Amino acid sequence: MVHMQVPFYRHSLAPENSKYVAKVLETPFLTSGPISKEVEAQLSEYFGVKHAKLVNSWTNGAVATLLALDIGPGDEVIVPAMTFIATANVVELVGAKPIFVDCDPDTLLITPELIKAAITKKTKAVIPVHMYGQMCDIKAIKEILPKDQKISIIEDCAHTFEAKFRGERPGKHSDVSIFSFYATKNVTCGEGGAIVTNDSNLFERIIQAILHGMSAGAADRFKAGQYKHWGMDHLGTKANLPDLLACFLPGQIESIDARLYLREELAQRYEKALKDSKILFPSINSEAIHSRHLFPIYVGIEVRDQALLKLGEKQIGATVNYRSVTSMNFYKNKYELSREKFEVSETWGEGTLTIPLFESMKEEEQEYVIDILINEISPMIGKS
Ligand SMILES: Cc1ncc(COP(=O)(O)O)c(C=O)c1O
Numbered sequence: 005m006v007h008m009q010v011p012f013y014r015h016s017l018a019p020e021n022s023k024y025v026a027k028v029l030e031t032p033f034l035t036s037g038p039i040s041k042e043v044e045a046q047l048s049e050y051f052g053v054k055h056a057k058l059v060n061s062w063t064n065g066a067v068a069t070l071l072a073l074d075i076g077p078g079d080e081v082i083v084p085a086m087t088f089i090a091t092a093n094v095v096e097l098v099g100a101k102p103i104f105v106d107c108d109p110d111t112l113l114i115t116p117e118l119i120k121a122a123i124t125k126k127t128k129a130v131i132p133v134h135m136y137g138q139m140c141d142i143k144a145i146k147e148i149l150p151k152d153q154k155i156s157i158i159e160d161c162a163h164t165f166e167a168k169f170r171g172e173r174p175g176k177h178s179d180v181s182i183f184s185f186y187a188t189k190n191v192t193c194g195e196g197g198a199i200v201t202n203d204s205n206l207f208e209r210i211i212q213a214i215l216h217g218m219s220a221g222a223a224d225r226f227k228a229g230q231y232k233h234w235g236m237d238h239l240g241t242k243a244n245l246p247d248l249l250a251c252f253l254p255g256q257i258e259s260i261d262a263r264l265y266l267r268e269e270l271a272q273r274y275e276k277a278l279k280d281s282k283i284l285f286p287s288i289n290s291e292a293i294h295s296r297h298l299f300p301i302y303v304g305i306e307v308r309d310q311a312l313l314k315l316g317e318k319q320i321g322a323t324v325n326y327r328s329v330t331s332m333n334f335y336k337n338k339y340e341l342s343r344e345k346f347e348v349s350e351t352w353g354e355g356t357l358t359i360p361l362f363e364s365m366k367e368e369e370q371e372y373v374i375d376i377l378i379n380e381i382s383p384m385i386g387k388s
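Numbered by the working numbering, the letters in the sequence shown go through residues 5 to 388 in order.
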């Protein structure tokens, strides 16, 4: 097999896309203006929801959402242990307490049963994460929430845009869904994100929360040529997405469903090739359409770091998604968390690594990765 270099990720934005930036420069709005409004309308239509707002990251969008929901000190928010740290960090940032729960050992998704067991009188929200691109069963989660207590469901859609569960996209059963357009996501503008919701009152609060708490945005302050005073009734942050970045999104959103088969084919090729090896991967519900954002594998605790070194030696980009949030010193020490309570997440987090998967991956690149996995990594497993 010829030795080659395979990056972890290669984006698909071509230099020709700079024409979109040129178009923005012709308008007076470098920040959020007419292009953002167009994309927001496109997002509302795509997800079949009443409202959409672009934000400059999932993280800032989530902080704004928690502020808009009046979640803060004294409140609890249920989050999975198996996720990226941002899911829990946003809860900390508004002064609330993240309550971690473990995940299903097959899909690595949070489940209604695990959430139910973590609910207390202080619970104000739950943030299910559609890990790696597979959606959690939000309808089932909604059904187990107590009827006499308001617990908001905030979907963490950072790993998915185009996924479906039982034919439904994110946003249908939750209070609010938040997306990420970070550099490696299936829809990207480098840094960015979006919030979608059907709740008009919450949306009004979110609009203010992403702009310092101001009651009118820059474009709206000059409506009809007249300056309009703005006020501030609630605390906000700064999380709006500028048109200079929003301009990269319309074409990608338009083509995302048609492009899904490219990553699906790559993922299925990995699954077929690794089926009879000692390498494991999460299972996929038969009713799910997976967005194939990441392809994590499990090689085991004894082998993982050695495998990362070997892949590095072979010039294959690999990362870890993720070590359990409950294993991070900040959370472990602050909340005196013990490993046993998060057995599945901690074990997966110590033995997993993620291999390259991106739309422009060439067949020979994938064959090279598969060859190294089968002939160098799989034989390491179960030896020590
Ligand atoms: C599950 C999850 N949630 C939230 C985030 C944060 O997204 P952003 O970088 O847009 O803030 C990420 C980032 O990759 C993520 O993986």
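The beta-carbon is built from N, C-alpha and C at its ideal position, and this holds for glycine as well.
Nothing here was measured: the structure is a model prediction, and the numbers come from that model.
So what's residue i in DSSP terms, helix, strand or just coil?
{"i": "N93", "result": "helix"}
{"i": "M218", "result": "strand"}
{"i": "I82", "result": "strand"}
{"i": "I75", "result": "coil"}
{"i": "T188", "result": "coil"}
{"i": "V373", "result": "helix"}
{"i": "K146", "result": "helix"}
{"i": "T69", "result": "helix"}
{"i": "T35", "result": "coil"}
{"i": "T127", "result": "strand"}
{"i": "L413", "result": "Here the chain has residues from 5 to 388 only, and residue 413 is not among them."}
{"i": "K27", "result": "helix"}
{"i": "A56", "result": "strand"}
{"i": "N202", "result": "coil"}
{"i": "D108", "result": "coil"}
{"i": "M135", "result": "helix"}
{"i": "I158", "result": "strand"}
{"i": "P11", "result": "coil"}
{"i": "S437", "result": "Residue 437 is absent from the model: the chain starts at 5 and stops at 388."}
{"i": "E195", "result": "coil"}
{"i": "P421", "result": "In this structure the chain extends from 5 to 388, so residue 421 is not present and cannot be described."}
{"i": "K41", "result": "helix"}
{"i": "I182", "result": "strand"}
{"i": "K120", "result": "helix"}
{"i": "F207", "result": "helix"}
{"i": "E166", "result": "coil"}
{"i": "M236", "result": "strand"}
What whole-angstrom Cβ distance do residue i and residue j have, given they're in contact under 8 Å?
{"i": "A435", "j": "H134", "result": "Outside the displayed span of the chain (5 to 388) sits residue 435, for which this structure offers no information."}
{"i": "E344", "j": "I305", "result": "Not quite, the Cβ-Cβ distance comes to about 15 Å (not below 8 Å), so this is no contact."}
{"i": "S287", "j": "G137", "result": "At roughly 13 Å, the Cβ-Cβ gap does not stay under 8 Å, so S287 and G137 are not in contact."}
{"i": "S16", "j": "E363", "result": "5 Å"}
{"i": "I158", "j": "I131", "result": "5 Å"}
{"i": "L270", "j": "T358", "result": "So it is not a contact: roughly 13 Å between Cβ atoms."}
{"i": "P84", "j": "I123", "result": "Between I123 and P84 the Cβ distance is about 15 Å, and since that is not below 8 Å, they are no contact."}
{"i": "D42", "j": "L58", "result": "Checking the displayed sequence, the identity of residue 42 turns out to be Glu instead of Asp. So it is not a contact: roughly 10 Å between Cβ atoms."}
{"i": "L253", "j": "C161", "result": "Their Cβ separation, rounded to whole angstroms, is 15 Å, which puts L253 and C161 out of contact at 8 Å."}
{"i": "T3", "j": "M139", "result": "Because the chain is modelled from 5 through 388, residue 3 falls outside the range shown and cannot be assessed."}
{"i": "S61", "j": "P246", "result": "Incorrect: roughly 12 Å between the Cβ atoms, too far for contact."}
{"i": "L34", "j": "L248", "result": "6 Å"}
{"i": "E347", "j": "D106", "result": "7 Å"}
{"i": "D375", "j": "M5", "result": "5 Å"}
{"i": "K154", "j": "E80", "result": "At roughly 13 Å, the Cβ-Cβ gap does not stay under 8 Å, so K154 and E80 are not in contact."}
{"i": "L206", "j": "D179", "result": "7 Å"}
{"i": "V10", "j": "E369", "result": "5 Å"}
{"i": "T356", "j": "R308", "result": "7 Å"}
{"i": "D141", "j": "F169", "result": "6 Å"}
{"i": "S219", "j": "G235", "result": "5 Å"}
{"i": "A144", "j": "P116", "result": "5 Å"}
{"i": "M86", "j": "S349", "result": "4 Å"}
Run the proximity test for residue i: is its beta-carbon closer than 7 Å to any non-hydrogen atom belonging to ligand 3?
{"i": "E268", "result": "Because ligand 3 does not appear in the structure shown, any question about it cannot be addressed here, the ligands present being ligand 1."}
Minimum length 4: unbroken alpha helix (DSSP H) runs contained in the segment 277 to 362: 308 to 317, 333 to 338, 347 to 355
Report yes or no: do three or more beta-carbon pairs, one from the segment 328 to 344 and one from the segment 183 to 197, lie closer than 8 Å? Because the criterion of three Cβ pairs below 8 Å is not met, the segment 328 to 344 and the segment 183 to 197 do not touch.
Please output, in chain order, the residues near ligand 1 using a CB cut-off of less than 6 Å to any non-hydrogen atom of the ligand. S61, W62, T63, T87, F88, A90, T91, V133, D160, A162, H163, S184, Y186, G197
Any chance the segment 21 to 32 sits against the segment 49 to 57, with 3 or more Cβ pairs inside 8 Å? no
With three or more C-beta pairs closer than 8 Å as the rule, is the segment 211 to 218 touching the segment 237 to 246? yes
Are the segment 312 to 322 and the segment 266 to 286 touching, with three or more C-beta to C-beta distances below 8 Å? no
Counting pairs of Cβ atoms below 8 Å between the segment 89 to 108 and the segment 58 to 67, do you hit three or more? A contact exists between the segment 89 to 108 and the segment 58 to 67.
For the 8 Å Cβ check, are there 3 or more pairs between the segment 307 to 317 and the segment 376 to 387? The segment 307 to 317 makes contact with the segment 376 to 387, as at least three CB pairs between them are under 8 Å.
Would the segment 69 to 83 count as touching the segment 171 to 178 if we require 3 or more Cβ pairs under 8 Å? As far as the Cβ criterion goes, the segment 69 to 83 does not touch the segment 171 to 178, which means the pair count is below three.
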